[in-house]
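Take 0 as the starting number for the sequence shown in numbering that gives the first Met the number 0 and just add one per residue.
Take a look at the structure set out below.
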Amino acid sequence: MTVTPADIHDADRLAAVAAATCPPDLAASDIHALVGQALSADRFASYLADEAYTVLKATEGAAIVGYAVLVANDPTNPEVARAVTALPTLEVNKLYVRPEHHGAASALLTAALAHARDRGRAGAWLGVSRRNERAQRFYRKHGFDVVGTRTFQVGTRICDDYVMQAELS
Numbered sequence: 000m001t002v003t004p005a006d007i008h009d010a011d012r013l014a015a016v017a018a019a020t021c022p023p024d025l026a027a028s029d030i031h032a033l034v035g036q037a038l039s040a041d042r043f044a045s046y047l048a049d050e051a052y053t054v055l056k057a058t059e060g061a062a063i064v065g066y067a068v069l070v071a072n073d074p075t076n077p078e079v080a081r082a083v084t085a086l087p088t089l090e091v092n093k094l095y096v097r098p099e100h101h102g103a104a105s106a107l108l109t110a111a112l113a114h115a116r117d118r119g120r121a122g123a124w125l126g127v128s129r130r131n132e133r134a135q136r137f138y139r140k141h142g143f144d145v146v147g148t149r150t151f152q153v154g155t156r157i158c159d160d161y162v163m164q165a166e167l168s
């Protein structure tokens, strides 16, 4: 498996992986809204064109098996801004892998943290569902701790997340 920066030619394949890895507890209408708002090929193309964003892809052979979307801006959401203290920071905005490729998640997160360090970031943060204990354990294993909470809407559903931060000293 290899982790490399994605480029504009990957937008359609990234969107396909994104649609296949939406949280299973979302209703079909909410998944449709999420894909339209944040995970379409057009959205990936906009991430790839924006200097504040970096999209990493995990590949096995020619297949994209996972991705991470990183944002190099300090948080603007008031809940997150109060919680995140390691500034400047990098947001791990999205990190998803196909279920049969769990090792890709560790490789993507390791690459994301290296990316943050290489750019002089003091920390990295992310949001994780309060109900997703498996993901919380995964992030703790990689140096993240719960520092706060946030809520946001996906389609008709209000989502409650923990805000987790890793200090990169």
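Glycine included, every Cβ here is placed at the ideal spot set by N, Cα and C.
No experiment lies behind these values; they were computed from the predicted model shown.
Alpha carbon to alpha carbon, how far is residue j from residue i? Give it in angstroms, no decimals.
i      : j      : result
Leu47  : Ala67  : 12 Å
Ala85  : Leu69  : 16 Å
Pro98  : Phe137 : 14 Å
Leu108 : His141 : 8 Å
Val54  : Ala5   : 5 Å
Ala44  : Arg133 : 30 Å
Gly122 : Ser168 : 8 Å
Arg118 : Ala111 : 11 Å
Val16  : Leu94  : 11 Å
Asn76  : Phe143 : 19 Å
Pop quiz: residue i and residue j are said to be a contact at Cβ under 8 Å. What is the actual Cβ separation, rounded to whole angstroms?
i      : j      : result
Ala14  : Ala51  : Contact flag wrong, Cβ pair sits at about 20 Å.
Pro87  : Arg120 : 5 Å
Val83  : Gln164 : 6 Å
Ala18  : Leu38  : 6 Å
Ala106 : Val2   : 5 Å
Arg130 : Glu78  : With a Cβ gap of about 18 Å, Arg130 and Glu78 do not count as contacting.
Taking all protein chains shown into account, do 16 or more other C-beta atoms lie within 10 angstroms of the C-beta of residue i, making it buried, or fewer, making it exposed?
i      : result
Glu90  : buried
Lys56  : buried
Gly65  : buried
Ala113 : exposed
His100 : buried
Asp9   : buried
Phe151 : exposed
Ignore the nearest five residues each way along the sequence and tell me which others in residue i's own chain have a CB closer than 8 Å to its CB.
i      : result
Ala80  : Asp73, Pro74
Tyr49  : The sequence as given places Asp at residue 49; Tyr does not occur at that position. Excluding positions up to five away in sequence, the list is empty.
Ile7   : Ala44, Leu47, Ala48
Thr145 : Before going further, note that residue 145 is Val rather than Thr in the sequence given. If we look at Val145 and ignore the five residues flanking it on each side, its Cβ neighbours are Gln135, Tyr161, Val162, Met163.
Gly147 : Glu78, Val79, Arg81, Ala82, Val83, Tyr161, Val162
Taking 6 Å as the limit between beta carbons, can you name the residues of its chain near residue i, skipping five residues before and five after?
i      : result
Ala71  : Ala51, Leu89
Glu59  : Met0
Arg116 : Leu167
Is there at least one non-hydrogen atom of the ligand ZN closer than 8 Å to the beta-carbon of residue i?
i     : result
Ala62 : Although the ligand ZN was asked about, the structure shown includes no ligands whatsoever.
Can you list, in chain order, the residues of its chain whose CB lies under 7 Å from that of residue i, leaving out five sequence neighbours each side?
i     : result
Asp11 : Ala40
Asn92 : Val68, Leu69, Val70
- Message: Three Cβ pairs or more, each shorter than 8 Å: is that satisfied between the region 156–164 and the region 123–130?
- Response: Counting Cβ pairs under 8 Å, three or more are found: they touch.
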